[in-house]
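Numbering (my numbering), first residue to last: 4 to 92. Cβ atoms here follow ideal geometry from the backbone N, Cα and C, with glycine treated the same way. Just so it is clear, the structure is predicted and the values come from calculations on it, not from any experiment. Working notes for the structure below.
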Amino acid sequence: MTEFEERIATVLDELGPGDVVTYGEVAAEAGQPGAARAVGRYLRDHGSGHPWWRVVTVSGRLVPHNEDEHARRLRAEGVQIVDGRVRPG
DNA sequence: TATATGACGTTGC
DNA sequence: AGCAACGCCATAT
């Protein structure tokens, strides 16, 4: 567990219901702007146990692996989903 | 050390 | 708005 990973977990924990952030945002908050891929890698490996569904791509695109499940979790928190993408607001 | 891959982001068209 | 190419960080072989 590196500091970067701990930061990611902390940032995810800082998120609340209805709040959505992008991988880049999480990476930047974690102290590594541009390490969006590292964030995705982390969620893919340690995503379990953290609100990974509140993380989307910069285009509002949901994860291509669980986009259905992802969309439901967001809608369950009041986030509007359109065509598998977070509604631009 | 180098090559290949991935829950990404930005730039150019 | 959508597609393609390159760049970034970290891991696996």
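L46 to E8 span [Cα, whole Å]: 10 Å
Assumed close pair G63, R88 - CB separation to whole angstroms, cut-off 8 Å: 5 Å
Alpha-carbon spacing of D86 relative to L77, whole angstroms: 13 Å
Considering only residues of the same chain and omitting the five flanking positions on each side of T60, which have a CB-CB separation below 8 Å? T25, Y26
Between T5 and V14, what straight-line distance do the alpha-carbon atoms span, to the nearest angstrom? 14 Å
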